[in-house]
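Asks: Note that this note's numbering has the sequence shown beginning at 343, numbered continuously upward.
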Amino acid sequence: MSKNLIIIVDEQTIDIAHDDCDIAYIGPNLTTQYKYVLNIEYNLNKWYLIKKFFKKFDIIDKYDYFWFVDFNYKI
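1. Hey, out of Thr373, Asp400 and Gly369, whose CA is closest to Asn385's CA?
2. In the region 374 to 414, which residue ranges form an unbroken beta strand (DSSP E) of at least 3 residues, counting only runs that do not cross its ends?
3. DSSP on Leu347, reduced to helix/strand/coil?
4. Just the Cα atoms here: how many angstroms apart are Val379 and Phe399?
Shown next as structure tokens:
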């Protein structure tokens with residue numbers, strides 16, 4: 343069974359219920375409802391902090407698939 347990580351950007355609440363998924367949150371809101379939380383304002387200038395965060399917890403090696411959800415993205 344593959345292990346999935348959903349990465350949420352700048353959104354405090356999300357309705358994702360899936361047994362095979364863990365959720366990481368990157369954003370300005372202090373919260374404890376997700377498995378991993380990086381409490382910074384998300385932007386490309388802070389990408390090095392985000393990579394450091396994922397490396398620190400060995401997150402990259404734990405998961406087979408990553409789903410990146412950015413609610414501020416505009417087409």
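No residue lacks a Cβ here, since even glycine has one placed at the ideal position from N, Cα and C. Since this is a predicted model, take the numbers as computed values, not measurements.
Replies: Well, looking at it:
1. One-based indexing of the sequence shown puts residue 385 at position 43. The shortest Cα separation from Asn385 among Thr373, Asp400 and Gly369 belongs to Gly369.
2. If we require 3 residues or more, the beta strand (DSSP E) runs fully inside the region 374 to 414 come out as 378 to 380 and 407 to 412.
3. Start at 1 with the first residue of the sequence shown, and residue 347 comes out as number 5. It is a strand residue.
4. In the sequence shown, residue 379 corresponds to position 37, counting from 1. In the sequence shown, residue 399 corresponds to position 57, counting from 1. Cα to Cα, the separation comes out at about 11 angstroms.
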